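In what follows, a structure is listed as structure tokens, so that the remarks can point back to it.
Residue numbers (this note's numbering), protein chains in the order written: chain A, 133 to 449; chain B, 133 to 449.
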């Protein structure tokens, strides 16, 4: 039995308030007309480091004791969590050790370096990442901050939904993406307590549908060989996130990459904001019409906006 | 002598208030650090039709009498003014006749059609555009709404600066782009009256520097063969806009296309918002350092966000 409650999310909100952006909520009349529903987009693409991940990383780093924090924090990631942890550590005046696969793109390496983290490269396999991280932690005494399977991280991610339901009342649904489940489980803890009539739906890529299958089989199915443009949603659920998700989720709906690309382009063109595929997948659900949400009032968490501007999905055929 | 005053801008603001978005003002800590100044971006890319042009077009259309409006409005344009006028006419329940060059892109044609305007195609020359428009006006009795050389349009464009200086006090500078000068002259009327200590700077493409040269020679130099990626800034000044500009401007500064592209990319990457080259040129001034504005508090009007997402300047070499 897992004890994760709204009080953890409230504590996180207080703890990270000085460091995060309270992100805006935007609407688009023309997208509402296209999907036949009232959408409220919570713009975590405007969050620091360009993604909601900064909320969880900040809460985890700020929760450490003065003694613990001296030796720094560590993680393995090539994505938004790496940047988020690097900045959160910099703000607390400590060091972040980031294990990254040797084939990471320059853009990602530079972004992490820009926040003064120390990068340790390893072979691009999960085994190498984990063993390298273990060595780093052993050598430095740094605290490992898992990207999602960590209660402080989950609580931090839940603060986005907390702001959303404070700003927009009586939502029928909230849609988030699901990868490792940090954002989704934080959202579920928040919404199931404060707005139990709001149903939470998760959007998952068809080509990385481990969470969908995990729910059906009621056990964690690890993701093997994912195939999707949603780079942020390739990971498997953790035992903490899975437990919260299976207790509170309304539905997980899988979305094709084609619908993700259409949704991403629609958001860019109509709203003039930049979101990454892993964010746009939420609107993809509505474009594919796999569930009828017409006439509903829907909160959508746009998780991030870190995109390689040289390689947009609609220019790569 | 031209009589255009802050009262015209106030009237415009009242008139168009029900129809426009009050656009947000965004800041970016990391861009501030790069340029060494405090920037306040007025986001007209979030305006309806994706550009400030909707302010002027709305004011012009809403200013017409019930008798005049019956016969519709007309213009020649392949850009943002075409969409803006089409939507403004639709809102007032009248018809817009838009003369467009036959080589206009499908994206632009579809956008105008989407607002129910009637499109009349012509040869892609200025002569053909003007003569075709004249025929349309003669035949239909529609009122011609010039994209910038029209006081009602200028007054409407001035409402963006009005919102900006109401929201952010004590700006040292305001930077706008200059093409035909509608946005610039509306801004000048507003700022010179309400915030005379704020200096207005205009950004113009090096390859379309007719306004810069017009100021030096103190007469309107028409733009011949412009060469720049700033598609929205190819036009020459009009006699109304020129008169206001030469009376109130602090400086016009020309910017290279390279700086425009760098500025555009910086805004996309750091702010996660979509702006067109003709908007990004304002930040281009600061990247090229042609004038020392370090330590200043600067308002920047981001004029629009209509970009062909298939052809981004940094992917075209």
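Glycine included, C-beta positions come from ideal geometry on N, C-alpha and C. Note that the structure is predicted; figures quoted are calculated from it, not measured.
- If you draw a 10 Å sphere on the C-beta of residue 248 of chain B, you find fewer than 16 other C-beta atoms in it, and that means exposed.
- For the pair residue 336 of chain A and residue 183 of chain A, the Cα-to-Cα distance works out to about 18 Å.
- Per DSSP, the continuous beta strand (DSSP E) segment holding residue 172 of chain A begins and ends at 170-175.
- Taking every protein chain shown into account, the CB of residue 167 of chain B has 16 or more other CB atoms within 10 angstroms, so this residue is buried.
- In the DSSP assignment, residue 230 of chain B forms a beta bridge with B:207 and B:251.
- A direct Cα-to-Cα measurement between residue 303 of chain A and residue 385 of chain A gives close to 19 Å.
- In this structure, DSSP gives residue 331 of chain A an extended state, which the three-state scheme calls strand.
- For residue 434 of chain B, no alpha helix (DSSP H) encloses it; the enclosing beta strand (DSSP E) starts and ends at 429-434.
- In this structure, residue 340 of chain B and residue 354 of chain B do not form a Cβ contact; the two beta carbons are roughly 11 Å apart against a cut-off of 8 Å.
- As the crow flies, the alpha-carbon of residue 217 of chain A is around 12 Å from that of residue 245 of chain A.
- From the beta-carbon of residue 375 of chain B, no residue of chain A is found nearer than 8 Å; the closest lies around 33 Å away.
- Along the region 394-421 of chain A, the positions whose C-beta sits under 9 Å from a C-beta of chain B are 397, 400, 401, 402, 403, 404, 405, 406 and 407, read in chain order.
- Residue 171 of chain A is outside the set of residues whose beta carbon lies under 9 Å from a beta carbon in chain B.
- Nearest C-alpha to residue 441 of chain B among A:192, A:436, A:174 and A:447: A:447.
- For residue 340 of chain A, no pairing in a beta bridge is given by DSSP.
- Annotation: Cβ neighbours of residue 178 of chain B in chain A (cutoff 9 Å, chain order): 158, 403, 404 and 405.
- For residue 305 of chain A, the three-state secondary structure derived from DSSP is strand.
- From the listed residues B:403, B:325 and B:208, the smallest Cα separation to residue 232 of chain B is found for B:208.
- When CB distances to chain A are screened at a threshold of 8 Å, the residues of the region 420-445 of chain B falling below it are 437, 441, 442 and 444, in chain order.
- The three-state secondary structure of residue 405 of chain B, taken from DSSP, is strand.
- Per DSSP, reduced to three states, the secondary structure at residue 383 of chain B is strand.
- Distances from the CA of residue 251 of chain B to each of B:214, B:404 and B:443 were compared; the closest alpha carbon is that of B:214.
- Taken through DSSP and simplified to helix, strand or coil, residue 441 of chain A comes out as coil.
- Around residue 211 of chain A, no beta-carbon contact reaches into chain B at under 7 Å, the shortest distance being about 16 Å.
- Put simply, the CB of residue 364 of chain B is far from chain A, with every gap to its CB atoms at 9 Å or more.
- Beta-bridge annotation (DSSP): residue 157 of chain B is paired with B:174.
- Only residues of its own chain outside the window of five on either side were considered, and among them none has a CB closer than 7 Å to the CB of residue 424 of chain B.
- Chain-ordered, the chain B residues with CB closer than 9 Å to the CB of residue 447 of chain A read 441, 442, 443, 444 and 447.
- The shortest C-alpha to C-alpha distance from residue 279 of chain B to any of B:407, B:161 and B:186 is the one to B:186.
- Boundaries cannot be given for residue 151 of chain A, as no alpha helix (DSSP H) includes it and DSSP labels it neither H nor E.
- The region 350-381 of chain A is shown to contain whole alpha helix (DSSP H) runs of 4 or more residues at 371-380, in chain order.
- Sequence-distant partners of residue 226 of chain B (beyond 5 residues in either direction) whose C-beta falls short of 6 Å from its own C-beta, in its chain, are 201 and 204.
- A straight line joining the alpha-carbon of residue 268 of chain A with that of residue 275 of chain A spans about 10 Å.
- According to DSSP, residue pairing for residue 275 of chain A in a beta bridge involves A:205.
- For residue 283 of chain B, the enclosing alpha helix (DSSP H) starts and ends at 283-299.
- Three or more pairs of CB atoms, one per stretch, sit closer than 8 Å, so the region 398-418 of chain B contacts the region 299-318 of chain B.
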